[in-house]
Every structure is written in structure tokens, then in C-alpha cells.
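Down below is the structure, laid out as C-alpha cells.
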Amino acid sequence: MTDALYPFLSPAESGDAEPLLSTVARSTVEKAREIVALRREVLTLLGPRIVACGAALAEAFAAGGRLFTFGNGGSSTDAQAVAHLFFAPERGPEHGPGHGLTRRPGARRHGLPAMSLTADVALLTALTNDIGFEAVFARQLAALGTAADIAMGISTSGGSLNVVRGLQEAKRLGMVTVGLAGSGGGQMAECGAVDHLLVIPSPSVHRIQEAQATVCHVLWESVRRALDETA
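Going left to right, the sequence shown walks through residues 1 to 231 as UniProt numbering numbers them.
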């Protein structure tokens, strides 16, 4: 099985490492090219949607809203990373306005209110045991969310039921809803609960997650710039 997935890891019959190193290098270059090509495609296809989403998030934050992120597996760690990205304070650019930002060098920006709904293991297991895994995000949003807030659901397939249920509950509450998906969007694209749907045009889980990470950083920068301009 390993040989089929990673043929370049199989022992070389001749004992010569050069073919192995050449194959690994070629594979790395091919993957890097795939990543760059996909990010360019995302910029072309989703650029206006990302801009609109960033503007909506900035408006919600400016009005006192909070960001709630959630997902499963690798998307769970991505959700935590996004929450930390928005929440963590940021120091200003060392070289000042030349970087395109208006803050003075060394200025420190406060973090934005953001939290991941995947971080509390006790709460997740309690909800899973008592109600069902499909409700772990919806129940938290029902308790914590308000119409002023933002819900961001992340799924590589778009078919994670608990993520979709979370977005539906957020929509019911009147929150700004953001969905990051791949593979056509799945149920996330069909549920009618997502205000800003960003579907990565790829069937590869790896490429989808890489592109989603880029989109989240672009959203963060867009929100920060918008808030700086209105400060």
C-alpha cells in the first residue's frame, strides 16, 4: 500500500540514492506548481466574493460582532488557526507606511473577538454523547451567538453535517455566515444558509486546505485594512 501511494520511498534495487532524490525533487516541484496554479485560479474565480466577504466581516467587527469558527479534523485545526489569527494582537510594520498600511511603526493593534468552537473537548464530547455529533456546533452557536456575530464553517467536502447544521443555526440567528468548502461545495452550497460561500475548485483535500488557508489570511488582511481606514 505504501509503495502504491509513495513509490519513491521504495528501496532502490541498485542502492543508488540519486534516482530517489530526483523523484522526490520532481514530486515537490509538481506539487508547488499545483498550489500556485490553484491559488491563481481562486483569485480569478473568487476574488470579488472574498472582497465582499471581507467587507461584511469588517462591518460586523466594527459593530461589536464576534467571530465563531468550526470544522472537523484538519478543518478543526484550521478553524482554531483562523480564530487565533483574528484574536491575536498584532504589532505594526517596522518600516511604516511604505508597506501600504497607515499605522505607525511598532504600533500594536488589539485582537478581534474570535473563538473556535472546536477547542473545548469536554463540551464537544458532552454534546456528542448527550445529543449527537451533528449538533456540536449548532448548540454552541444557539447559546453564544447573536445577530451581530459571524459564523465561519470550514469543510473540504462541504458535506460535513455538523458544519452545515452550525451554519443553518447561525443563519436562523441572523449572523453573517461564511462557508469555506471544496469539491463543488456539497451540502454547504445547497443548504441556503451561507451568505458568503467560498468554494475551492479542486478535488484534492491537500490543495483545498492550502488554498483555504490562503483565503483566510487574505480575509484577515482585508478586515484589518478596512478597520484601519475607518479608525
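A virtual CB, placed ideally from N, CA and C, is assigned to each residue, including glycine.
If you're wondering where the values come from, they're calculated on a predicted model, not measured in any experiment.
Hey, could you find the ends of the alpha helix (DSSP H) residue i is sitting in?
i: His196; result: Run containing His196: none in the alpha helix (DSSP H); it sits in the beta strand (DSSP E), His196 to Ile200.
i: residue 233; result: Residue 233 lies beyond the stretch modelled for the chain, which goes from 1 to 231, so this question has no answer here.
i: Gly166; result: Leu161 to Leu173
i: His110; result: Taken as a continuous stretch (DSSP letters only), His110 belongs to no alpha helix (DSSP H), as it is neither H nor E.
i: Ala211; result: Val205 to Thr230
i: Gly54; result: Glu18 to Ala62
i: Ala189; result: Gly186 to Glu190
i: Ala126; result: Val121 to Asp130
In the DSSP assignment, what are the bridge partners of residue i?
i: Ser116; result: Thr69
Along the chain, where does the beta strand (DSSP E) that runs through residue i open and close?
i: Thr177; result: Val176 to Gly182
i: residue 312; result: Because residue 312 is not part of the residues shown, which for the chain are 1 to 231, the question remains open.
i: Ala151; result: Ile150 to Ile154
Compute the distance between the beta-carbons of residue i and residue j, then report whether it is under 8 angstroms.
i: Ala62; j: Thr69; result: no
i: Ala151; j: Gly132; result: no
i: Ser116; j: Ala142; result: no
i: Thr214; j: Val194; result: no
i: Gly111; j: Val223; result: no
i: Phe58; j: Leu227; result: First, the amino acid is wrong: residue 58 is Ala here, not Phe. Yes. Within cutoff.
i: Met175; j: Gly145; result: yes
i: Arg66; j: Asp120; result: no
i: Gly74; j: Gln209; result: yes
i: Gly153; j: Gly47; result: no
i: Ala181; j: Ser155; result: yes
Count the other CB atoms, across all protein chains shown, that sit within 10 Å of the CB of residue i; report buried if there are 16 or more and exposed otherwise.
i: Arg207; result: buried
i: Gly185; result: buried
i: Pro97; result: Caution is warranted here: a pLDDT of 39 is assigned to Pro97, below 50, making its placement in the model unreliable, and no coordinate value can be reported.
i: Asn129; result: exposed
i: Val24; result: exposed
i: His217; result: exposed
i: Ala17; result: exposed
i: Thr125; result: exposed
i: Thr230; result: exposed
Strictly under 8 angstroms for the Cβ-Cβ distance: is residue i near chain B by that measure?
i: Thr214; result: Of the protein chains in the structure, only one exists, and it is not chain B.
Does the stretch 30-43 come within contact of the stretch 155-171, defined as at least 3 CB pairs closer than 8 angstroms?
Touching, no, given that fewer than three Cβ pairs across the two stretches are closer than 8 angstroms.
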